[in-house]
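K.L.:
Protein chains: 2
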Amino acid sequence: MKKYFGVDIGGTTVKMGIFDEDGRLLDKWEIPTVKDNGGEKILPDVVKAIEKKLTEEGLAKGYLAGVGIGVPGPIFADGTVNRCVNLGWGVFNVADKVRELLDMPELTVKVGNDANVAALGEMFKGSGEGYKNLVMVTLGTGVGGGIILDGKILTGTTGGAGEIGHMPVGLNETECCGCGNKGCLEQYASATGIVKVAKKILAECDTETPLRNMEGFSAKDVMDLAKGGDQVAIDVIEQLGDYLGKALAHIACVVNPSAFVIGGGVSKAGQFLLDVIEKHFKKNAFVPCSDVKFVIASLGNDAGIYGAVAQVL
Amino acid sequence: MKKYFGVDIGGTTVKMGIFDEDGRLLDKWEIPTVKDNGGEKILPDVVKAIEKKLTEEGLAKGYLAGVGIGVPGPIFADGTVNRCVNLGWGVFNVADKVRELLDMPELTVKVGNDANVAALGEMFKGSGEGYKNLVMVTLGTGVGGGIILDGKILTGTTGGAGEIGHMPVGLNETECCGCGNKGCLEQYASATGIVKVAKKILAECDTETPLRNMEGFSAKDVMDLAKGGDQVAIDVIEQLGDYLGKALAHIACVVNPSAFVIGGGVSKAGQFLLDVIEKHFKKNAFVPCSDVKFVIASLGNDAGIYGAVAQVL
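Same order as they appear, the protein sequences are chains A and B. Those letters in the first sequence? Residues 1092 to 1404, per this note's numbering, in order. Those letters in the second sequence? Residues 1092 to 1404, per this note's numbering, in order.
1. Is the stretch 1114 to 1133 of chain B touching the stretch 1176 to 1188 of chain A in the sense that three or more CB pairs, one from each, lie closer than 8 angstroms?
2. What three-state label does DSSP hand Glu1295 of chain B in the structure shown?
3. Leaving out five residues before and five after Asn1177 of chain A in sequence, what residues of the same chain have Cβ atoms less than 6 angstroms from its Cβ?
4. Identify the contact partners of Met1258 of chain A in chain B, using a Cβ-Cβ distance below 7 angstroms as the criterion.
5. By alpha-carbon positions, which one of B:Asn1272, B:Val1378, B:Glu1277 and B:Cys1344 ends up nearest to Gly1235 of chain B?
6. So is Phe1110 of chain A buried or exposed if we call it buried at 16+ other beta carbons inside 10 Å?
7. For the beta strand (DSSP E) containing Glu1121 of chain A, name the first residue and the last one.
8. So that I know if they touch, is there some Cβ in chain A lying closer than 7 angstroms to that of Ala1252 of chain B?
9. If you draw a straight line from the alpha carbon of Cys1267 of chain A to that of Ala1294 of chain B, how long is it in whole angstroms?
10. Please identify, using Cβ separations under 8 angstroms, the residues of the stretch 1118 to 1149 of chain A that lie next to chain B, in order along the chain.
11. Output the distance between the C-alpha atoms of Gly1219 of chain A and Tyr1154 of chain A, rounded to the nearest integer angstrom.
12. When you compare only the Cα positions, how much space is there between Asn1207 of chain A and Asp1099 of chain A?
13. Any idea what DSSP makes of Asn1224 of chain A, helix, strand or coil?
14. Taking 7 angstroms as the CB-CB cut-off, is Pro1379 of chain B touching chain A?
15. Do you know offhand how far Gly1242 of chain A's Cα is from Ala1317 of chain B's?
16. Would you tell me roughly how many angstroms separate the C-alpha atoms of Met1227 of chain B and Gly1129 of chain B, rounded to the nearest one?
17. Would you report the Cα separation of Val1172 of chain B and Thr1249 of chain B, rounded to the nearest angstrom?
18. How should Ala1151 of chain B be labelled, buried or exposed, when 16 other C-beta atoms within 10 angstroms of its C-beta is the threshold for buried?
19. What does Cys1270 of chain A touch in chain B if you count any residue whose Cβ is under 9 angstroms from its own?
20. For a test of the three-state rule: what should DSSP assign to Asp1099 of chain B, helix, strand or coil?
21. Quick one: is Ser1218 of chain B near chain A, going by C-beta distance under 7 angstroms?
22. Taking C-beta to C-beta, are Val1158 of chain A and Val1202 of chain A nearer than 7 angstroms?
23. Closer than 8 angstroms by beta-carbon distance: list the chain B residues that pair up with Lys1291 of chain A, in chain order.
24. Chain A beta carbons: is any one of them nearer than 7 angstroms to that of Gly1247 of chain B?
25. Drop a sphere of 10 angstroms on the beta-carbon of Phe1308 of chain B, count the other beta-carbons inside from all chains shown, and report buried for 16 or more, exposed for fewer.
26. Can you list, in chain order, the residues of its chain whose CB lies under 7 angstroms from that of Gly1233 of chain B, leaving out five sequence neighbours each side?
27. How would you list, in chain order, the residues of chain A whose beta-carbon sits under 7 angstroms from the beta-carbon of Ile1423 of chain B?
28. Within a Cβ cutoff of 8 angstroms, which residues of the same chain sit near Leu1134 of chain A, ignoring the five residues on either side of it in sequence?
29. Assign Phe1377 of chain A to one of three DSSP states: helix, strand, or coil.
30. Closer than 8 angstroms is the cut-off here; do at least three beta carbon pairs connect the stretch 1288 to 1302 of chain B with the stretch 1336 to 1346 of chain B?
31. Compute the distance between the beta-carbons of Val1286 of chain B and Gly1332 of chain B, then report whether it is under 7 angstroms.
32. Between Lys1374 of chain A and Gly1319 of chain B, what straight-line distance do the alpha-carbon atoms span, to the nearest angstrom?
33. Taking DSSP as the reference, what is the three-state secondary structure of Asn1173 of chain A?
34. In whole angstroms, what is the alpha-carbon distance linking Asp1315 of chain A and Glu1369 of chain A?
35. Nearest-angstrom Cα distance between Pro1196 of chain A and Ala1394 of chain A?
36. Using a Cβ-based criterion (distance less than 6 angstroms to any ligand heavy atom), does Phe1308 of chain A qualify as near the ligand FMN?
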């Protein structure tokens, strides 16, 4: 009868789920992320939503057995957030704050970085199920990553483990990444990066392609055209595959995972994308570390709440 | 009064050490590695040496509390070696075999890959002391690596974690690495690699340098000339720094360590080498993961026995 909550705090909404002891999702909902005044209302709002849900279920507070949280910023192992620009947060212990607001000083509360938590979610109930060593790669507006070793999130010394979007893969890059460096994986393998690479290739060749006549095309447009056989679009996706395949080959030498779980908007391209990435990975990977499964993430936006709650189950 | 043994099995000799409960080295010695018949005598020889040492110390077998072993091949977490070409070994459980030979079925025996074990040794009693997340980089004939996370060796799914010598850093490389791929870090940052890079640079330029008049120069010669200000030698070491700095920047994004411990023969160049590597690392590293200490390994050939025993202490 004990209940657990998974909370995925994003810049716009907080996704919440109530789970039973077996990790079954009983209900999920969203509340807005109120970022005013350094995001001071976010955790009180989360706690109110937890208390409200317990009341609705006719459950006393004593039935609450754990709260797991995902946060879009670096988190130390003890639950301390080390600044979170998206939420306006500085440095404080999120787990302690939640316990204080709930007035339950002994409650199990675990906090993780959202990308890491999503990776844990995919291992817990998604397409990474059964893989204890996996790396999740999120290809969205940026490129995120989460690393699970022996079933547990790898945090790293300063909460930066799995920040694979900033692996320095590009040589002679002239444009800056958002982080200030040049040549980060994110500059080529994110949705934004795909469009930029496409524009660059278009400018450098005369090959006919529907892309030339599309105003403001998207990564999805490029992907769809590549699937349809358009050579320029194929060249763009091959370049993405080259950078990403190499980066994953680096990662395989370092942590030797059993699976790569590819998620984020770009991953909607499915098997077509997996095949391109895997081809380039195999070409570059050290053979003893190359037997890695490639799968598309299956939980979508729910990966966060599943992974958040998996931290406390 | 309990005693522990650290055993570092190499292709030529087995290094052995007897330690007290506090990890103090009481005595160390070597025995030859007899590789005949698939290396079947290696473990019996090790066990005989342990028993002999206990007898010499006037200790009954009951005082033996643990044996830690390092092996030059991939090792699964349960102590199974997954083929070890250097010793002629196939696939079997090394820990079980040692317990059987000692006739001590309950004895604590732990086995690790030698590069990983050396990393653990440097954390235990070497220059990595105090760092719970460290990556050891061994620049010798090849390039090896060992990764320690939260004080424990990272093994990976197939025992391949930390195989950083085979990270694909080189583009357009025409020569093959020993592993069959092209452009592995080992091809540039090992002692062998340094000499090859130097020869290539010599062939491509006319700049005057003592290297031109040296027959069969070594990595140490190049390093010494670079320290003395020779421009061609400096170019070679800068190229090593570029490849290695980038590889370490990749690693920092993946596992976010607090220290890099640089060991192996090439590391005898000391602070001069560290400065070059760190300069290139800082240029490429993702800032939130870039606060990493660079230190030279301090245990030399004893890292293996210290790390081996640290597995069981």
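Beta carbons are placed, not taken as given, at the ideal position from N, Cα and C, and that holds for glycine.
P.N.:
The answer reads as follows:
1. no
2. helix
3. Gly1102 and Pro1163
4. His1341 and Cys1344
5. B:Glu1277
6. buried
7. Leu1116 to Pro1123
8. yes
9. 35 angstroms
10. none
11. 30 angstroms
12. 11 angstroms
13. coil
14. yes
15. 46 angstroms
16. 30 angstroms
17. 10 angstroms
18. exposed
19. Phe1377, Val1378 and Pro1379
20. strand
21. no
22. no
23. Neighbours of Lys1291 of chain A on chain B: none; closest Cβ ~18 angstroms, over 8 angstroms.
24. yes
25. buried
26. Gly1256, Glu1277 and Ser1281
27. It is not possible to answer for residue 1423 of chain B, since the shown part of chain B is limited to 1092 through 1404.
28. Val1185, Lys1188, Val1189 and Leu1192
29. coil
30. no
31. no
32. 40 angstroms
33. strand
34. 19 angstroms
35. 28 angstroms
36. The model depicted lacks the ligand FMN and carries no ligand whatsoever.
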